[in-house]
Amino acid sequence: MADVAASIGVGQLLNVDGKLALLGPNGVVSAVADVGLLTGGEGSDVLSVVTGTVGSLLGLGGDDILNGGPGDDTLDGGSGNDKIYGGPGNDQLFGRTGDDTIEGGPGDDQLYGGQGSDLISGQDGNDVIYGGDGQADPTDAADIIDGGAGNDSIFANGGNDTVYGGAGRDLIFGGVGDDTLYGGTGPGDVTDEADVIVGGEGSDTIYGNAGDDLIFGGTGFVNPEDTADVIFGGLGNDTIYGNGGADRIFGNEGNDILIGGKGDDILTGGSGADRFVTFAGDNANTILDFNAAEGDRLDFAGQAFNAIATSAGTQVVFEDGGSLLLVGVSGFSYDFFA
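Counting from 1 along the sequence shown, just add 1145 to a position and that's the residue number in the working numbering.
Structure follows, in structure tokens:
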């Protein structure tokens, strides 16, 4: 293992067999050759890879700044409010405890926010991002996550998180909490590709943005314990499942498929030829803009029903007690079916 040149702000640097440990309250270390492990102290350290490769940077205590090099680095902030920058390469970045800022840089990175309210950006590459310590972490605080360019997989975990998938075909899981999830870069994104977005537990607000998206308000195809979500499909031919709870679903533009699921849902297809699906066991759903002339169609999944004219429109009552109100629709025709 080669020697290392380093500049020290405060504290001492210990070099044993290519493993560096920073002794003292605070320090600045810049590695310019190959090192297996560079470890900070309990203070607020700055650890950087300038040239060569460092297998791992470990911040330990304090509010550290870790800068990865051009290789495939492992950066671990430890405790404290750390700033972690992976740089080029396929890096693994761990925030651990504290409110951390983590940026993957170019490459296919794995980013873990850990505990605390973290700001996480995957940037370029096909990244895997966790708001907490891992996919099933329900105790994480509120994070802000941006996948950046590339086909990313994002697991927000616990907390009331805000997630931006960014450009590319992204897979987004909101997890536990009342999350705000965007398939693209934000509300006005019209260039996003097809995403899969799963709100998870909690009352989520979901924007599919552009592309032919698959969106679930809950945790998957069947989730009766989900609470009320608000879902916007955006541009594209989207398929949207509200799951449990009293959801509000907007297909927006495109030929969308809307499935309210359990709960008293309000569905608005928007422009395009939309398909509204009602399964046995669904509650009292309402469609605000059914327009057969525009190509909208109904799918009752084989259920027996009666259609009744009311002052608000046509009320469809199913044999299991569920119902569907077609607001403003006078009369009923079998031409309404898909």
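Idealized CB from N, CA, C, for every residue including glycine.
Per-residue DSSP class, three states only, for residue i
i: Ala-1391; result: coil
i: Glu-1248; result: strand
i: Phe-1477; result: coil
i: Leu-1168; result: Per-residue confidence for Leu-1168 stands at a pLDDT of 46, beneath the threshold of 50, marking its modelled position as unreliable; the derived number appears in the next sentence. Note: Leu-1168 maps to strand in three-state DSSP.
i: Ala-1418; result: coil
i: Ala-1452; result: strand
Nearest neighbour of residue i, chosen from the options [CA to CA]
i: Val-1474; options: Asp-1253, Thr-1307, Ser-1468, Ala-1437; result: Ala-1437
i: Asn-1451; options: Gly-1225, Asp-1288, Leu-1470, Arg-1442; result: Leu-1470
i: Pro-1251; options: Asn-1305, Gly-1292, Gly-1320, Thr-1325; result: Gly-1292
i: Glu-1464; options: Gly-1447, Thr-1246, Gly-1295; result: Gly-1447
i: Asn-1382; options: Asn-1388, Asn-1428, Ile-1394, Glu-1398; result: Glu-1398
i: Thr-1346; options: Gly-1200, Ile-1385, Asp-1306; result: The sequence as given places Glu at residue 1346; Thr does not occur at that position. The shortest Cα separation from Glu-1346 among Gly-1200, Ile-1385, Asp-1306 belongs to Asp-1306.
i: Gly-1387; options: Gly-1356, Asp-1263, Thr-1431; result: Thr-1431
i: Gly-1331; options: Gly-1362, Arg-1393, Gly-1378; result: Gly-1378
i: Pro-1215; options: Leu-1203, Gly-1258, Val-1195, Asp-1371; result: Val-1195
i: Gly-1453; options: Thr-1372, Gly-1476, Gly-1240; result: It should be pointed out that residue 1453 corresponds to Ile in this sequence rather than to Gly. When each option's Cα is compared against that of Ile-1453, the closest is Gly-1476.
i: Val-1335; options: Gln-1255, Asn-1428, Gly-1353, Pro-1233; result: Gly-1353
i: Gln-1237; options: Leu-1256, Lys-1228, Leu-1183; result: Leu-1256
Residue i: first and last residue of the uninterrupted beta strand (DSSP E) it sits in
i: Asp-1444; result: 1442-1444
i: Val-1472; result: 1468-1472
i: Gly-1458; result: 1458-1463
i: Thr-1431; result: 1429-1432
i: Gln-1260; result: That residue, Gln-1260, is in no beta strand (DSSP E); it is neither H nor E in DSSP.
i: Asp-1291; result: 1289-1291
i: Phe-1300; result: 1298-1300
i: Phe-1239; result: 1237-1239
i: Asn-1212; result: 1210-1212
i: Asp-1221; result: 1219-1221
i: Lys-1228; result: 1228-1230
i: Val-1308; result: 1307-1309
i: Ser-1224; result: Looking at the DSSP string, Ser-1224 is not in any beta strand (DSSP E), and its letter there is neither H nor E.
i: Ser-1193; result: 1191-1194
i: Thr-1372; result: Taken as a continuous stretch (DSSP letters only), Thr-1372 belongs to no beta strand (DSSP E), as it is neither H nor E.
i: Phe-1482; result: Here Phe-1482 belongs to no beta strand (DSSP E), and DSSP marks it neither H nor E.
Close-in-space but distant-in-sequence residues of the same chain around residue i (CB under 6 Å, 5 per side omitted)
i: Tyr-1230; result: Asn-1212, Glu-1248
i: Asp-1297; result: Gly-1267, Asp-1272, Asp-1315
i: Val-1191; result: Val-1173, Ile-1210
i: Ile-1289; result: Leu-1264, Thr-1307
i: Val-1462; result: Asn-1451, Ser-1468
i: Ala-1391; result: Ala-1373, Gly-1408, Asp-1409
i: Ala-1286; result: Gly-1261, Ser-1262, Gly-1304
i: Thr-1246; result: Lys-1228, Leu-1264
9 Å Cβ cutoff, residue i in contact with chain C
i: Ile-1402; result: The question asks about chain C, but that chain is absent: this structure has only one protein chain.
7 Å Cβ shell around residue i - same chain, five flanking residues per side excluded
i: Asn-1400; result: Asn-1382, Gly-1417, Ala-1418, Asp-1419
i: Thr-1242; result: Ser-1224, Gly-1259, Gln-1260, Gly-1261
i: Asp-1244; result: Asn-1226, Gly-1261, Ser-1262, Asp-1263
i: Pro-1233; result: Pro-1215, Gly-1250, Pro-1251, Gly-1252
Own chain residues within Cβ distance below 8 Å of residue i, not counting five before or after
i: Phe-1482; result: Arg-1442, Leu-1443, Asp-1444, Phe-1445
i: Ala-1294; result: Gln-1268, Asp-1269, Gly-1270, Gly-1311, Ala-1312, Gly-1313
i: Gly-1426; result: Lys-1407, Asp-1465, Gly-1467
i: Leu-1478; result: Rather than Leu, the amino acid found at residue 1478 in this sequence is Ser. These residues qualify, in order along the chain: Ala-1437.
Sub-9 Å separation of residue i and residue j beta-carbons
i: Tyr-1275; j: Asn-1235; result: no
i: Asp-1360; j: Val-1375; result: The amino acid at residue 1360 is misidentified as Asp; the sequence shows Ile. Against a cut-off of 9 Å, the Cβ pair of Val-1375 and Ile-1360 comes out as no contact.
i: Gly-1204; j: Leu-1220; result: yes
i: Gly-1127; j: Ala-1339; result: Not covered by the structure: residue 1127. The range shown for the chain is 1146 to 1483.
i: Leu-1380; j: Leu-1412; result: no
i: Asp-1349; j: Thr-1325; result: yes
i: Ser-1189; j: Asp-1208; result: yes
i: Gly-1489; j: Phe-1395; result: In the structure displayed, the chain extends from 1146 to 1483; residue 1489 sits before or after that span and is not available.
i: Gly-1329; j: Asp-1323; result: no
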